[in-house]
Amino acid sequence: MVFVGVFAGVTFGGYAANLETMYDTIYEDSETGTNLADLWIDNQSTVWSSEQVSGFCNSLRQSWPPTSAPLDSCEGRMILKGALFHSNETGEHIINSVWHGIPENADIDRTWFPQGNSTVGGRVAQSSNEIVIDAHVTSALSIEIGDDVRIGVGNGSQNFTVVGIAYHPTNIYLSPEGSLFPPEPGQYVIGYLSSEGIESLSGLETGSSNTIMLDIEGTPDFDLSTTIEYEGQEIDEIKPIVNSSMVENEMDGRVRDRGQNDAVEFMRLDLEGTQKSVTPITVMIGSIAAITIVLSLQRLIQSQSREIAILRTLGVPRTSLMTGYLIAPLAIGAVGCGLGALAAPSGVNSMLDLYQGIIGIPIIERTIPLNLYMSQIGLVMLLVFFSGAFPAWKATRIEPLEILGGQSEIRVGSSLLKRLTGWMPTMLGLSIRSSVRKPIRLGFTFLAVGISLMLAGSIQMMTVGLTDSIVGGLEEDQTWDIQVYVQPGGEEEVIQWAIDNNADWEEIIEMPIGTLKDTTGMQRAFTLVALQGYGEGESMKDVEIIEGSSPKDVEGEIQVMMDEGSLIMNGWSVGESHQIQIAGTEIEVKITGSIRGEVARTMFFLQPELVSIVGMNATSVYLDLPEGVTADDSLGMMSSGIVDRQSLLNGIESLLEQQTQILTAVMGLGVLFTLAVMFN
Numbered sequence: 025m026v027f028v029g030v031f032a033g034v035t036f037g038g039y040a041a042n043l044e045t046m047y048d049t050i051y052e053d054s055e056t057g058t059n060l061a062d063l064w065i066d067n068q069s070t071v072w073s074s075e076q077v078s079g080f081c082n083s084l085r086q087s088w089p090p091t092s093a094p095l096d097s098c099e100g101r102m103i104l105k106g107a108l109f110h111s112n113e114t115g116e117h118i119i120n121s122v123w124h125g126i127p128e129n130a131d132i133d134r135t136w137f138p139q140g141n142s143t144v145g146g147r148v149a150q151s152s153n154e155i156v157i158d159a160h161v162t163s164a165l166s167i168e169i170g171d172d173v174r175i176g177v178g179n180g181s182q183n184f185t186v187v188g189i190a191y192h193p194t195n196i197y198l199s200p201e202g203s204l205f206p207p208e209p210g211q212y213v214i215g216y217l218s219s220e221g222i223e224s225l226s227g228l229e230t231g232s233s234n235t236i237m238l239d240i241e242g243t244p245d246f247d248l249s250t251t252i253e254y255e256g257q258e259i260d261e262i263k264p265i266v267n268s269s270m271v272e273n274e275m276d277g278r279v280r281d282r283g284q285n286d287a288v289e290f291m292r293l294d295l296e297g298t299q300k301s302v303t304p305i306t307v308m309i310g311s312i313a314a315i316t317i318v319l320s321l322q323r324l325i326q327s328q329s330r331e332i333a334i335l336r337t338l339g340v341p342r343t344s345l346m347t348g349y350l351i352a353p354l355a356i357g358a359v360g361c362g363l364g365a366l367a368a369p370s371g372v373n374s375m376l377d378l379y380q381g382i383i384g385i386p387i388i389e390r391t392i393p394l395n396l397y398m399s400q401i402g403l404v405m406l407l408v409f410f411s412g413a414f415p416a417w418k419a420t421r422i423e424p425l426e427i428l429g430g431q432s433e434i435r436v437g438s439s440l441l442k443r444l445t446g447w448m449p450t451m452l453g454l455s456i457r458s459s460v461r462k463p464i465r466l467g468f469t470f471l472a473v474g475i476s477l478m479l480a481g482s483i484q485m486m487t488v489g490l491t492d493s494i495v496g497g498l499e500e501d502q503t504w505d506i507q508v509y510v511q512p513g514g515e516e517e518v519i520q521w522a523i524d525n526n527a528d529w530e531e532i533i534e535m536p537i538g539t540l541k542d543t544t545g546m547q548r549a550f551t552l553v554a555l556q557g558y559g560e561g562e563s564m565k566d567v568e569i570i571e572g573s574s575p576k577d578v579e580g581e582i583q584v585m586m587d588e589g590s591l592i593m594n595g596w597s598v599g600e601s602h603q604i605q606i607a608g609t610e611i612e613v614k615i616t617g618s619i620r621g622e623v624a625r626t627m628f629f630l631q632p633e634l635v636s637i638v639g640m641n642a643t644s645v646y647l648d649l650p651e652g653v654t655a656d657d658s659l660g661m662m663s664s665g666i667v668d669r670q671s672l673l674n675g676i677e678s679l680l681e682q683q684t685q686i687l688t689a690v691m692g693l694g695v696l697f698t699l700a701v702m703f704n
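The opening position of the sequence shown corresponds to residue 25 in our numbering, with each subsequent residue numbered one higher.
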């Protein structure tokens with residue numbers, strides 16, 4: 025157990041330390057880094073002209089506060105949803121995609137080509153027919169440098185030549201915005217085109233953008249979602265200037281810092297969670313080891329009481345006895361710590377390899393800090409020392425006359441215990457009575473078994489709960505087969521395709537462009553959703569209303585529902601009205617219902633009201649396909665990407681299975697410790 029305590033502590037600690045180094049390497053502003061932006065401004069429902077972007081950046085530089093860190097860069101980008109038309113031995117596939125237009129001389133959010141990694145290579149896209157494919161998907165789709173790929177954004181398709189395979193700082197965890205779960209490998213693609221390439225693909229004017237990124241010298245502090253304190257004062261000094269420049273140039277959009285960008289914040293939370301788990305796991309395992317040592321030494325001293333008494337009569341000092349019985353736990357601790365430290369590097373590498381498999385990012389530089397070894401070994405040895413000190417001290421308290429005086433002690437059992445165990449078999453009743461006769465040992469045993477079962481049981485409950493709530497809801501509560509994303513106004517062609525193929529259809533709006541302030545003043549992003557209806561059978565996606573009712577069309581009032589988790593985190597309640605922002609525009613909404621089953625922050629609107637707010641009828645169309653009908657090339661040409669529900673399910677199940685591998689290892693430790701303590 026001492027071995028496992030040190031091994032687990034150094035493994036988790038080394039894992040966290042290497043992840044932190046990896047993120048710093050990716051995000052840093054250097055020749056090998058990507059220079060992650062400090063602020064993002066975007067609007068998915070509009071396009072800004074080159075003049076607007078230039079005017080915004082110039083206005084921002086002129087009004088930049090002299091007390092703040094200087095503005096290094098201000099760049100506009102075009103980021104569009106689209107589709108990859110991929111052919112292989114299994115046939116033609118239309119794959120949901122996102123295409124980034126990145127200038128060749130980009131300074132912010134650059135593509136990342138890590139040295140020493142065989143999966144990446146090539147160069148950035150320079151001409152209008154070149155593309156860099158994200159390295160997460162190239163293996164699954166067998167895409168290599170020099171291949172031609174056909175892509176589109178809802179207005180036909182074009183061929184591009186792959187000139188590079190790389191990563192991107194905002195796509196480390198490859199999942200669509202607004203979703204916590206990545207699709208099945210190869211079912212979601214991200215590509216990085218040149219500015220000329222994205223303009224050619226979209227048919228938009230030169231310099232058009234729907235995203236602006238700001239890089240401020242250094243890294244301004246931003247608010248952390250996991251703390252009560254507010255750390256975002258430094259970045260908040262900049263946001264009013266940004267909003268003023270947007271108004272001056274007639275631009276609407278949401279403004280997000282690193283703490284509000286889900287793609288970046290998710291990775292920070294993952295790292296923080298890993299770092300926080302190191303000490304509790306080490307202490308828990310070390311505590312079980314300490315309790316086991318206490319019980320073992322206590323029993324040893326009891327069995328050797330006559331020998332101890334004889335030594336005392338021979339004049340052996342109490343300090344010598346205590347030293348002798350302290351050597352045993354310290355020797356156990358030293359050997360266990362040594363073995364744990366020797367085995368820890370293999371554990372760290374295994375954890376990092378597993379992380380690479382889940383996230384898909386290479387971790388090339390791997391080291392374990394010396395201070396981590398010292399802190400983990402010191403903590404475990406401290407627990408072991410104190411666990412041996414009490415039994416050793418008890419050994420020095422033994423009086424020779426009590427042991428060697430020839431007196432015999434007759435223990436009379438409790439009458440109550442005899443009555444309670446009288447109906448049991450003789451051996452079982454005797455076992456229970458003898459156990460209860462040693463209440464301290466029994467209490468320690470219960471504590472150790474409780475900690476062990478907590479490790480095992482909580483992990484099992486969490487795994488089952490995640491599977492039931494996420495996979496079960498997607499399987500049972502949704503009846504659509506494919507979700508077809510469209511550009512503004514492109515839903516009519518998809519609906520006509522559905523009518524021609526006898527498929528049921530439903531227009532929906534899903535836009536992750538909402539922001540709100542909770543009762544603590546923290547800004548949180550959320551997704552806007554509008555379905556055909558919220559009654560039974562009114563939509564292909566059923567929602568479970570656990571409190572309140574569905575929104576009603578009331579003049580002068582916008583009614584919405586929100587997922588229960590967000591309501592709790594925001595400190596909001598059903599029946600209250602609150603201010604929210606949609607793409608920078610502030611509106612007031614009234615919460616009429618609470619929804620269960622959503623895994624991301626989501627607010628549900630009536631469709632006509634959300635249409636009037638965002639200015640588009642649909643962002644995608646649900647299709648329930650008749651038997652034998654599949655998405656064809658013509659549907660792909662008119663779409664901005666197609667998601668298959670079964671593929672989405674497979675991706676979620678695959679991720680849960682990978683996560684369960686880590687959880688199962690911890691659960692196995694819990695079961696192992698339970699057996700060891702009970703045997704002891």
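No residue lacks a Cβ here, since even glycine has one placed at the ideal position from N, Cα and C. Treat the numbers as computed from the prediction; the structure is a model and nothing was measured.
Thinking C-alpha only, which one of the options is nearest residue i?
i: F27; options: I401, Q502, F36; result: I401
i: L84; options: I265, S166, T45; result: I265
i: I388; options: M46, M25, F36; result: M46
i: R620; options: T643, G589, D171; result: G589
i: V584; options: I615, S370, T49; result: I615
i: I132; options: G57, L165, V34, S151; result: G57
i: D505; options: I189, L60, V645; result: V645
i: N24; options: V473, F109, M237; result: Summary: the structure shown does not reach residue 24, with the chain confined to residues 25 through 704, and so no result is reported for it.
i: E531; options: G538, Q547, G513; result: G513
i: S224; options: W64, Q182, G215; result: Q182
i: S658; options: E651, G215, D524, I606; result: D524
Assuming contact is defined by CB atoms lying nearer than 8 Å, are residue i and residue j in contact in what I supplied?
i: I533; j: V638; result: yes
i: H124; j: I157; result: no
i: T543; j: G599; result: no
i: L466; j: S459; result: yes
i: L634; j: A554; result: yes
i: T626; j: M593; result: no
i: A314; j: S411; result: yes
i: V408; j: I317; result: yes
i: E261; j: S92; result: yes
i: S678; j: E208; result: yes
i: F184; j: N153; result: yes
Secondary structure at residue i, three-state DSSP: helix, strand or coil?
i: M485; result: helix
i: G371; result: helix
i: G100; result: strand
i: S664; result: coil
i: K565; result: strand
i: M640; result: coil
i: P575; result: coil
i: G215; result: strand
i: R620; result: strand
i: S224; result: helix
i: M535; result: strand
i: L63; result: strand
i: I705; result: Because residue 705 is not part of the residues shown, which for the chain are 25 to 704, the question remains open.
i: F703; result: helix
i: A554; result: strand
Which residue comes first and which comes last in the beta strand (DSSP E) that contains residue i?
i: M275; result: Looking at the DSSP string, M275 is not in any beta strand (DSSP E), and its letter there is neither H nor E.
i: I240; result: 235–240
i: S601; result: 601–606
i: D587; result: 583–587
i: Q257; result: Counting along the chain, Q257 falls outside any beta strand (DSSP E), though it belongs to the alpha helix (DSSP H) covering 257–260.
i: I506; result: 506–509
i: N628; result: A quick correction: the sequence has Phe, not Asn, at residue 628. First-last of the beta strand (DSSP E) with F628: 626–630.
Using a threshold of 7 Å, is the CB atom of residue i nearer than that to any non-hydrogen atom of the ligand NAP?
i: T230; result: No copy of the ligand NAP occurs in the structure displayed, which carries no ligand at all.
In the DSSP assignment, find the alpha helix (DSSP H) that holds residue i and state where it starts and stops.
i: Y47; result: 26–51
i: M546; result: Element bounds for M546: n/a, residue is neither H nor E.
i: E515; result: 515–524
Whole runs of the alpha helix (DSSP H) within the segment 385–449, excluding any shorter than 4 residues: 394–420, 424–428, 439–445
Uninterrupted alpha helix (DSSP H) stretches inside the segment 75–162 (no shorter than 4 residues): none
Complete alpha helix (DSSP H) runs within the segment 156–208 (minimum length 4 residues, chain order): 159–165
Ordered list of beta strand (DSSP E) runs contained in the segment 271–330, each at least 3 residues: 278–281
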